[in-house]
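S.K.:
In our numbering, the protein residues as written are -7 to 252.
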């Protein structure tokens, strides 16, 4: 063997060998990183479903203690999360989806809206907003069709758990605001709802948009009146039985082309 072809004793890798090792590591990282990201997303989605399940159980306990009835519209206090505190003591641990724990970026003092990955409300704030209690925050929303009826529109509300088809009646879901009153006439958003300013206010006729956020790979997690939880693709939101008067809208996946 030629003496010049051998590596001197005690020497490290040659430059070419180091470059080969680096290239292999980079290749492995390129293969593994997408898989790791998918695993993290799946873990967050599973934790989110667990949170929503706890909210569903708490709501069922409330109804059981109130002769099967739901709560009435709260008058500017802590709203639904605070009303259910008695049925799940440590609610602060289940207020937010793990995929949406960033602080709220909306400076609106009346309706501090969230987004795909930010919470609504302001955690730990020292002043009230919109007449609501301090520290009022989260990233789940309540369907306001599931509560004691409004005097002005009593026929559309689900005021009890004792109805048929509870597996298709949404109660809580991933949301960019604390509540919403969807209508089957609400149009499909023309583009992704990525920022608080994209989220409709209470006076809007597009309140289903508060739920139509691409938080879990093309869908959101929803807790239904039977306390079951499942992922719902965004285009299927219009097929759910939000109110007693809901007319299903059978959209297809391509109806929302901006979903990744």
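All C-beta atoms in this analysis are idealised placements derived from N, C-alpha and C, irrespective of residue type, glycine included. Values in this document were obtained by computation on a predicted structure and should not be read as measured data.
For residue 206 versus residue 226, is the C-beta distance shorter than 8 Å?
M.R.: The answer is yes: Cβ separation under 8 Å.
S.K.: Using only alpha-carbon positions, find the residue among 112, 231, 7, 45 that is nearest to residue 176.
M.R.: Answer by Cα proximity: 231.
S.K.: Quick one: what does DSSP say residue 150 is sitting in, helix, strand or coil?
M.R.: Here residue 150 sits in strand by DSSP.
S.K.: Tell me the rounded alpha-carbon separation between residue 164 and residue 58.
M.R.: Distance between the alpha carbons of residue 164 and residue 58: 19 Å.
S.K.: Let me check one thing: in DSSP terms, what residues is residue 213 bridge-paired to?
M.R.: In DSSP, residue 213 forms a bridge with 223.
S.K.: Does the distance from the CB of residue 107 to the CB of residue 132 come in under 8 Å?
M.R.: Not closer than 8 Å, so no.
S.K.: Do you know how far the Cα of residue 12 is from the Cα of residue 243?
M.R.: The straight-line gap from Cα to Cα measures roughly 51 Å.
S.K.: Just the C-alpha distance for residue 45 and residue 251, rounded to the nearest angstrom, thanks.
M.R.: Cα to Cα, the separation comes out at about 25 Å.
S.K.: With distances taken Cα to Cα, identify the nearest neighbour of residue 171 among 220, 184, 139, 33.
M.R.: When only C-alpha atoms are compared, the closest one is 139.
S.K.: Give the DSSP bridge partners of residue 94, in chain order.
M.R.: Answer by DSSP bridge pairing, in chain order: 110.
S.K.: With DSSP as the reference, identify every bridge partner of residue 135, one or two as the case may be.
M.R.: Paired residues: 172.
S.K.: Exposed or buried, what is residue 214 when buried is set at 16 or more other beta-carbons lying within 10 Å of its beta-carbon?
M.R.: The residue is buried, with at least 16 neighbouring Cβ atoms inside 10 Å.
S.K.: Considering Cα atoms alone, identify which of 7, 219, 199 is closest to residue 47.
M.R.: Closest option to residue 47, Cα to Cα, is 219.
S.K.: So what does DSSP say about residue 115, is it helix, strand or coil?
M.R.: Three-state result, residue 115: coil.
S.K.: One question on the structure: do residue 92 and residue 98 come within less than 8 Å of each other, judged by their Cβ atoms?
M.R.: The answer is no: Cβ separation not under 8 Å.
S.K.: With DSSP run on the structure shown, which of helix, strand or coil describes residue 67?
M.R.: Because the pLDDT at residue 67 is just 45, under 50, the model does not fix this residue reliably, and the value given afterwards should be weighed accordingly. DSSP places residue 67 in coil when its eight states are reduced to three.
S.K.: In this structure, how does DSSP classify residue 156 when only helix, strand and coil are distinguished?
M.R.: Coil.
S.K.: Return helix, strand or coil for residue 165, following the three-state DSSP convention.
M.R.: Residue state, collapsed to three classes: strand.
S.K.: Count the other CB atoms within 10 Å of the CB of residue 69; is the residue buried (16 or more) or exposed (fewer)?
M.R.: With a pLDDT of 45 at residue 69, under the threshold of 50, the predicted position of this residue should be treated as unreliable, and no value is reported.
S.K.: So, helix, strand or coil for residue 233, using DSSP?
M.R.: Coil, per DSSP.
S.K.: Does DSSP classify residue 183 as helix, strand or coil?
M.R.: Correct three-state label for residue 183: coil.
S.K.: Is it a yes or a no for the stretch 142 to 157 touching the stretch 196 to 212, going by three-plus beta-carbon pairs under 8 Å?
M.R.: Contact between the stretch 142 to 157 and the stretch 196 to 212 is absent, because fewer than three Cβ pairs lie under 8 Å.
S.K.: Could you give the DSSP three-state label for residue 238: helix, strand or coil?
M.R.: In this structure, residue 238 counts as coil in the three-state DSSP scheme.
S.K.: I need the DSSP call for residue 201, collapsed to helix, strand or coil.
M.R.: Here residue 201 sits in helix by DSSP.
S.K.: Could you name the residues that DSSP lists as bridge partners for residue 61?
M.R.: BP columns for residue 61 point to 152.
S.K.: For residue 154, I'd like the list of residues in its chain whose CB is within less than 8 Å of its CB, leaving aside the five on either flank, ordered along the chain.
M.R.: Correct list, in chain order: 60.
S.K.: Please state the DSSP three-state secondary structure of residue 250.
M.R.: Three-state DSSP puts residue 250 in coil, outside helix and strand.
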